[in-house]
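Single-structure report; data block below.
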Amino acid sequence: MKRYIFLIAIICLTFIAKAQTTFPKYEVRAVWLTTIGGLDWPHSYANNTHAIERQKQELCKILDQLKHANINTVLLQTRVRATTIYPSAYEPWDGCLSGKPGVSPGYDALRFAIDECHKRGMELHAWVVTIPVGKWNALGCAQLRKKHPKLLVKIGEEGYMNPESAQTGDYLANMCGEIVRNYDVDGIHLDYIRYPETWKKRTNKSVGRSHITRIVGSISRTVKSIKPWVKMSCSPIGKYDDLTRYASRGWNANTTVCQDAQGWLRDGLMDALFPMMYFRDNNFFPFAIDWAECSYGKIVAPGLGIYMLHPRELNWPLEVITRELNVLRQYNLGHTSFRSKFLTDNVKGIYRYVADHFDRYPALVPPMTWMSSKKPLMPRRLSINGDQIAWSSPNANYRQTDGNTLLYNIYVSRNYPVDVNDARNLTTTRYQQTTIRIPDFTEKGLYVAITATDRYGNESDALQMENGAQRTVSKRMLKNDGKKVMLPEKGKTLDADYVVIESMAGIIIATKPYRNTFVDIHDVPNGVYNIRTVGRKDVTHRLGTTIIKR
Numbered sequence: 162m163k164r165y166i167f168l169i170a171i172i173c174l175t176f177i178a179k180a181q182t183t184f185p186k187y188e189v190r191a192v193w194l195t196t197i198g199g200l201d202w203p204h205s206y207a208n209n210t211h212a213i214e215r216q217k218q219e220l221c222k223i224l225d226q227l228k229h230a231n232i233n234t235v236l237l238q239t240r241v242r243a244t245t246i247y248p249s250a251y252e253p254w255d256g257c258l259s260g261k262p263g264v265s266p267g268y269d270a271l272r273f274a275i276d277e278c279h280k281r282g283m284e285l286h287a288w289v290v291t292i293p294v295g296k297w298n299a300l301g302c303a304q305l306r307k308k309h310p311k312l313l314v315k316i317g318e319e320g321y322m323n324p325e326s327a328q329t330g331d332y333l334a335n336m337c338g339e340i341v342r343n344y345d346v347d348g349i350h351l352d353y354i355r356y357p358e359t360w361k362k363r364t365n366k367s368v369g370r371s372h373i374t375r376i377v378g379s380i381s382r383t384v385k386s387i388k389p390w391v392k393m394s395c396s397p398i399g400k401y402d403d404l405t406r407y408a409s410r411g412w413n414a415n416t417t418v419c420q421d422a423q424g425w426l427r428d429g430l431m432d433a434l435f436p437m438m439y440f441r442d443n444n445f446f447p448f449a450i451d452w453a454e455c456s457y458g459k460i461v462a463p464g465l466g467i468y469m470l471h472p473r474e475l476n477w478p479l480e481v482i483t484r485e486l487n488v489l490r491q492y493n494l495g496h497t498s499f500r501s502k503f504l505t506d507n508v509k510g511i512y513r514y515v516a517d518h519f520d521r522y523p524a525l526v527p528p529m530t531w532m533s534s535k536k537p538l539m540p541r542r543l544s545i546n547g548d549q550i551a552w553s554s555p556n557a558n559y560r561q562t563d564g565n566t567l568l569y570n571i572y573v574s575r576n577y578p579v580d581v582n583d584a585r586n587l588t589t590t591r592y593q594q595t596t597i598r599i600p601d602f603t604e605k606g607l608y609v610a611i612t613a614t615d616r617y618g619n620e621s622d623a624l625q626m627e628n629g630a631q632r633t634v635s636k637r638m639l640k641n642d643g644k645k646v647m648l649p650e651k652g653k654t655l656d657a658d659y660v661v662i663e664s665m666a667g668i669i670i671a672t673k674p675y676r677n678t679f680v681d682i683h684d685v686p687n688g689v690y691n692i693r694t695v696g697r698k699d700v701t702h703r704l705g706t707t708i709i710k711r
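Just so we're aligned: the sequence shown equals residues 162 to 711 in the working numbering.
Here you go:
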């Protein structure tokens, strides 16, 4: 029997009173990045070399902001309205890029976006608008009608793919297959995979659900047959169905528009759901809990209506969203922002709250253990030379199959061994290279651990710094006689008033004035220490390392 918590006041007060002290290692943090009409991006048209670069830089700026807020999943609108942002064999270019429908912008926007997301350790899911195909006489709909005249229905001035036609599933599966074959996407995200709310035909709801489920099944089977690690997801209506004590008020996924989204999770047709929960209070919390209780161990990251914060919308106070975020985390749910621009524009302070407080540390996307639970082999041969960290991939005889290549997660801490279960130590995710520079790594006496992760999200055991690592200690070893350690000449320009003696874990053992060419260490225990200076402007310089052994 399902369990619900309906005392909203008690829920809210609980989360207000309880400070956020824990940060999950695994959590989906997503945004919908809309391209239709350039709502989120692009804000300029690409019609020459300079304009292409400007458009690319616009996207890079957005992705940098999202990365700073520790967003790990970007849902990029890829099929818009029977039009695309990539060169497709099925449909024409959307006009959002070049300013002219059917005209190429001069570059492959989807490929560029994928590469830039992956550089930042973020997943990119191709957001495919399925059933609506735009105005009846617009380019995308008109061309689709010409090629497949029996595939579309007209409702008012709009065109829709017929959910009751067997060809609809095949066509959409072919389109999604084109994306997955040609691009290194991390997911296919289906939008509007449902009956139009304006559908006039009398359709038995059970039969209607079977039509939509048939389309979902066709797409899912095609995608998984090509690259099984690519996540299948959709954005269902935010309320799955009526609850025992709370009605959906006639607008829900399962009964109203025939989206059996929870069944798709249960039956393996979907790996993740991003329900559009643009509600508040009793219209939000009970239904969010229902999604959590019917997740079947899969990923659920409800969409939050942060656009409602804007004064031109419903002018919600920020506390509406912050309470919702905390409840979602309490129930091990992720969170998704609609839309990207409202987040990066920091409407009502939402960006600062997410970046500086709620998502202060990175998180990994939960592994798809229902698809594969095999752990990759651990990286090898960790070496450290100053700020440069290097390691080797698993041995040459080990290969991931079907292009499921390894990525790397990097953890850094002042404590040894590095706790890789603590998200506060996670500094870099889904890293593509086997070398990285960590500024001031040696000076701060840090430790590092590296894990390999496959495209399903399975993570290897951690290669710890001292587990076979060859760390190059400072080029300058400072001599000592057990009572004094010899220092280099101070020089006239060095801003250095004090000498700091630190353990290799970064703990300050002693601080002494920098007056002579030596410093007293008679009271410092045996061990290995970093010696650095601190000046009037809090500028620090590393002098070297000394080993005290009396």
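Think of the CB as a built atom: it goes at the ideal place given N, C-alpha and C, for glycine as much as any other residue.
Quick one: grab the DSSP three-state call for Leu624. As a position in the sequence shown, residue 624 is number 463, starting the count at 1. Of the three classes helix, strand and coil, the one that applies to Leu624 here is strand, per DSSP.
State buried or exposed for Gln238, treating a residue as buried only when at least 16 other CB atoms are found within 10 Å of its CB. Indexing the sequence shown from 1 puts residue 238 at position 77. Looking at its Cβ environment, which holds 16 or more other Cβ atoms inside 10 Å, Gln238 is buried.
Please go through the same chain and pick out, in chain order, the residues whose beta-carbon is closer than 7 Å to the beta-carbon of Arg521, but skip the five residues on each side of it. In the sequence shown, the residue the question calls residue 521 occupies position 360. Taken in chain order, the residues that qualify are Phe184.
What do you reckon, are the CB atoms on Trp390 and Met529 nearer than 8 Å? The residue you call residue 390 lines up with position 229 of the sequence shown. The residue you call residue 529 lines up with position 368 of the sequence shown. Yes.
Out of curiosity, what's the CA-to-CA distance linking Tyr187 and Leu587? Along the sequence shown, one-based indexing puts residue 187 at 26. Along the sequence shown, one-based indexing puts residue 587 at 426. Cα to Cα, the separation comes out at about 11 Å.
Hey, could you find the ends of the alpha helix (DSSP H) Asn343 is sitting in? Residue 343 sits at position 182 when you count from the first residue of the sequence shown. Where Asn343 is concerned, the enclosing alpha helix (DSSP H) stretches over Ala327 to Asn343.
Indicate whether the contact test is met: 3 or more Cβ pairs, each with one atom in the region 267 to 280 and one in the region 323 to 333, closer than 8 Å. no
Where the beta strand (DSSP E) containing Glu319 begins and where it ends: Residue numbering aside, residue 319 sits at position 158 when the sequence shown is read from its first letter. Taken as a continuous stretch (DSSP letters only), the beta strand (DSSP E) holding Glu319 covers Glu319 to Met322.
In the region 647 to 691, which residue ranges form an unbroken beta strand (DSSP E) of at least 3 residues, counting only runs that do not cross its ends? 659 to 664, 669 to 674 and 679 to 681
How many angstroms separate the CA atom of Val695 from the CA atom of Ala274? As a first step, residue 695 must be located in the sequence shown, where it is residue number 534. As a first step, residue 274 must be located in the sequence shown, where it is residue number 113. In a straight line, the C-alpha of Val695 is about 43 Å away from that of Ala274.
Enumerate in chain order the residues of its own chain whose CB-to-CB distance from Glu252 is below 8 Å, with the five nearest sequence positions on each side excluded. As a first step, residue 252 is located in the sequence shown; it is residue number 91 there, counting from the start. Closer than 8 Å at Cβ, skipping near neighbours: Arg240, Ala243, Thr244, Thr245, Gly301, Gln304, Leu305 and Met336.
Under 8 Å: do the region 372 to 379 and the region 349 to 357 share three or more Cβ pairs, one atom per stretch? yes
Tell me the rounded alpha-carbon separation between Val508 and Leu479. Start at 1 with the first residue of the sequence shown, and residue 508 comes out as number 347. Start at 1 with the first residue of the sequence shown, and residue 479 comes out as number 318. So the two alpha carbons sit approximately 9 Å from each other.
For Arg406, count neighbouring Cβ atoms within 10 angstroms of its own Cβ and tell me buried if that reaches 16, exposed if not. What you label residue 406 is simply residue 245 of the sequence shown in a count that begins at 1. By the neighbour-count definition (other C-beta atoms within 10 Å, threshold 16), Arg406 is an exposed residue.
Provide the residue span of the alpha helix (DSSP H) that contains Ser758, from first to last. The shown model of the chain, from 162 to 711, leaves out residue 758, and the question about it has no answer.
Would you mind listing the alpha helix (DSSP H) stretches within the region 278 to 314 that are 4+ residues and don't spill past its ends, in chain order? Every unbroken stretch of the alpha helix (DSSP H) spanning 4 or more residues and falling wholly within the region 278 to 314 is given here in chain order: 300 to 308.
Rounded C-alpha distance that separates His496 from Val377: For the purposes of this step, residue 496 is taken as the residue at position 335 of the sequence shown. For the purposes of this step, residue 377 is taken as the residue at position 216 of the sequence shown. Approximately 23 Å between the Cα atoms of the pair.
Which residue wins for smallest C-alpha separation from Val189, given the options Ala230, Pro203, Asp225 and Leu220? In the sequence shown, residue 189 corresponds to position 28, counting from 1. The option with the nearest alpha carbon to Val189 is Ala230.
Beta-carbon within less than 6 Å of Ala623's beta-carbon, same chain only, minus the 5 sequence neighbours each way: which residues are those? Position 462 of the sequence shown, counting from 1, holds the residue named residue 623. Within the same chain, Ala623 has close Cβ partners Val581, Ala610 and Thr612.
What would DSSP say about Val695, mapped onto helix, strand or coil? Reading the sequence shown from its first residue, position 534 is the one you call residue 695. Strand at Val695.
Can you list, in chain order, the residues of its chain whose CB lies under 8 Å from that of Met647, leaving out five sequence neighbours each side? Counting from 1 along the sequence shown, the entry for residue 647 is found at position 486. Once the five neighbours on either side are set aside, the close Cβ partners of Met647 are Leu639, Lys640, Asn641, Thr678 and Phe679.
Mapping DSSP to helix, strand and coil, what is His229? In the sequence shown, the residue the question calls residue 229 occupies position 68. Helix.
Cβ-Cβ separation, Pro293 to Glu319 (assumed contact under 8 Å), whole Å: Locating residue 319 in the sequence shown gives position 158, where the first residue counts as 1. Locating residue 293 in the sequence shown gives position 132, where the first residue counts as 1. Yes, they are in contact, since the Cβ atoms of Glu319 and Pro293 sit about 7 Å apart, within 8 Å.
Of all the options Lys673, Gln226 and Met283, which has the alpha carbon lying nearest to the alpha carbon of Gly618? One-based indexing of the sequence shown puts residue 618 at position 457. Of the listed residues, the one whose Cα sits closest to Gly618 is Met283.
In the DSSP assignment, what residue or residues form a beta bridge with Gly348? Taking the first residue of the sequence shown as position 1, residue 348 is located at position 187. DSSP lists His286 and Lys392 as partners of Gly348.
What runs of the alpha helix (DSSP H), each 4 residues or longer, lie entirely inside the region 235 to 262? 256 to 259
Assign Thr505 to one of three DSSP states: helix, strand, or coil. Taking the first residue of the sequence shown as position 1, residue 505 is located at position 344. Note: Thr505 maps to helix in three-state DSSP.
Return helix, strand or coil for Tyr572, following the three-state DSSP convention. In the sequence shown, residue 572 corresponds to position 411, counting from 1. Looking at Tyr572 - three-state DSSP - the assignment turns out to be strand.
Using only CA atoms, which one of Val660, Ser367 and Arg703 lies nearest to Gly682? In the sequence shown, counting from the first residue as 1, residue 682 sits at position 521. Checking the displayed sequence, the identity of residue 682 turns out to be Ile instead of Gly. The candidate whose alpha carbon is nearest that of Ile682 is Val660.
Does the beta-carbon of Pro310 have 16 or more other beta-carbons within 10 angstroms, so that it is buried, or is it exposed? As a first step, residue 310 is located in the sequence shown; it is residue number 149 there, counting from the start. Around the CB of Pro310, fewer than 16 other CB atoms lie within 10 Å, so the residue is classed as exposed.
Identify, in the order they occur along the chain, each residue of the same chain with its Cβ nearer than 8 Å to the Cβ of Pro540, setting aside the five sequence neighbours on each side. Residue 540 sits at position 379 when you count from the first residue of the sequence shown. Excluding positions up to five away in sequence, the list reads Trp552, Ser553, Ser554, Pro555, Tyr569, Thr595, Ile611, Thr612, Ala613, Ser621 and Leu624.
Whose CA, out of Gly260, Tyr247 and Ile387, lies closest to the CA of Asn209? On the sequence shown, position 48 is the one that residue 209 refers to. Looking at the Cα atoms, Gly260 is the closest of the given residues.
Does the contact criterion of 3 or more C-beta pairs under 8 Å hold for the region 476 to 490 versus the region 217 to 230? no
Please classify Arg703: does DSSP put it in a helix, a strand, or coil? The sequence position of residue 703 within the sequence shown is 542, counting from 1. Of the three classes helix, strand and coil, the one that applies to Arg703 here is strand, per DSSP.
Check the C-beta distance from Phe445 over to Met438 and give it rounded, since I have them as a contact under 8 Å. The sequence position of residue 445 within the sequence shown is 284, counting from 1. The sequence position of residue 438 within the sequence shown is 277, counting from 1. Rounded to whole angstroms, the Cβ separation of Phe445 and Met438 is 6 Å, and the two are in contact under 8 Å.
Look at Leu504 and Pro463 and say whether their C-beta atoms are less than 8 Å apart. Your numbering for residue 504 matches position 343 in the sequence shown. Your numbering for residue 463 matches position 302 in the sequence shown. No, they are not a contact pair.
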